[in-house]
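I have placed the structure first, in the form of structure tokens, so that the comments after it can refer back to it.
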Amino acid sequence: MIEILSPTDVLRAKDTGALVAGILQRLKSRCVVGTNLLEIDQWARAMITEAGAQSCYVDYEPSFGRGPFGHYICTSVNDAVLHGLPYDYPLADGDLLSLDLAVSLGGVVADSAISFIVGDVRPPESVALIDATERALRAGIAAAGPGVRIGDISHAIGSVLTAAGYSVNTEFGGHGVGSTMHQDPHVSNTGRPGRGYRLRPGLLLALEPWVMADTATLVTDADGWTLRSATGCRTAHSEHTIAITDDGADVLTLPAR
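Encoded structure:
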């Protein structure tokens, strides 16, 4: 299903996006060496509940996971890149942590992810991975607008990732959002321009470039959820929810300045 939101629902989506962005930044500020992934999940639960919002993950049970997910946020560390199930792990200096959060507020969903390095050690490979996904995300956003094809966004994202030397996995990518978290259209992280669905005002998209340092192959953890690089290499993931407008695209999940 492709859902086109009314102007009133887009305004609600801005509130949801601001909430998601704020929670992610608060969580990032709390993540230090020794922070446990389960603590992050507990903090996310408290922040979501305090805002009167609902988690999109707790009862999430898609065909590819061993559901329900049962937690409030995805916490992916180092070689984990997507759907990281929180577990009893204290963060170490130099860990690359990705936090992926989707919530519903006022009946509208926003979805965002950030990747960052914990502590003082800053491995160059990790810095490069994060930079590439953030630049690819900016390129995808810049390409979005009314009348643009999905393939134009995919091509913009993929061009940045491949130019940075990374292979692109197309099993998981961006997607539509609205009254639910995962909707059509699928937005691959690479593609051909001029192809696919033509964007319309009122469409919400979650764009999410992610890469692995030396492979495009994923493996699934024994937990049935966490997706890791097949080679054990490091990974990164960046995501924003955008709303297509009459003259471009608004980023709904930008942190407040």
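Its first residue numbered -18, the sequence shown is counted upward by one per residue in the numbering used here. Note that beta-carbon positions come from the ideal geometry of N, C-alpha and C, so glycine has one too.
- The criterion of a C-beta distance shorter than 9 Å is not satisfied by GLN35 and LEU80.
- Pairing VAL168 with SER135 gives a Cβ-Cβ distance under 9 Å.
- Taking the C-beta atoms as reference points, ASP69 is found no nearer than 9 Å to VAL99.
- A check of alpha carbon separations from PRO67 across VAL14, LEU188, ILE(-15) and TYR38 identifies TYR38 as the nearest.
- The residue from ARG179, PRO174, ALA113 and GLY48 with its alpha-carbon nearest to that of ASP165 is ARG179.
- Scanning its chain for C-beta atoms nearer than 6 Å, with the 5 sequence neighbours on each side dropped, one finds around GLY177 the residues ARG130, ILE131 and GLY132, in chain order.
- For ASP76, the secondary structure class from DSSP, reduced to helix, strand or coil, is coil.
- Judged by DSSP secondary structure, TRP24 falls within the alpha helix (DSSP H) whose first and last residues are 18 to 31.
- For ALA123, DSSP records no beta bridge to any residue.
- For ASP40, the CB contacts under 6 Å within the same chain, skipping 5 residues up- and downstream, are PRO49 in chain order.
- Under the 10 Å beta carbon count, ASP22 is surrounded by 16 or more other beta carbons and is classified as buried.
- According to the DSSP assignment, ARG(-7) belongs to the alpha helix (DSSP H) that extends over -12 to 11.
- The beta carbon of GLY229 sits closer than 7 Å to the beta carbons of GLY126 from its chain, once the five residues preceding and following it are set aside; these are given in chain order.
- Contact annotation: SER93 and LEU82 have beta-carbon atoms nearer than 9 Å.
- Within 10 angstroms of the beta-carbon of PRO190 lie 16 or more other beta-carbons, which makes it buried.
- Taking a cut-off of 8 Å for Cβ pairs, the segment 184 to 199 and the segment 147 to 154 touch, as three or more such pairs fall below it.
- For ASP133, the three-state secondary structure derived from DSSP is helix.
- Distances from the alpha-carbon of LEU78 to those of GLY175, VAL84 and ILE111 put ILE111 closest.
- Annotation for THR198: ALA211 place their beta carbon closer than 6 Å to its own, counting only its chain and skipping 5 residues before and after.
- Closest in C-alpha terms to THR171, from the list ALA144, PHE45, VAL158 and THR(-3), comes ALA144.
- Counting along the chain, the unbroken beta strand (DSSP E) around ILE225 starts and ends at 221 to 225.
- GLU(-16) places its beta carbon less than 9 Å from that of LEU185.
- In this structure, the alpha-carbon of VAL232 lies about 29 Å from that of PRO104.
- When DSSP states are grouped into helix, strand and coil, PRO49 belongs to the coil group.
- Pairing ALA237 with ALA2 gives a Cβ-Cβ distance under 9 Å.
- Assignment of LEU118 by DSSP, reduced to helix, strand and coil, places it in the helix class.
- Secondary structure note for GLY15: it is in no beta strand (DSSP E), with a DSSP letter that is neither H nor E.
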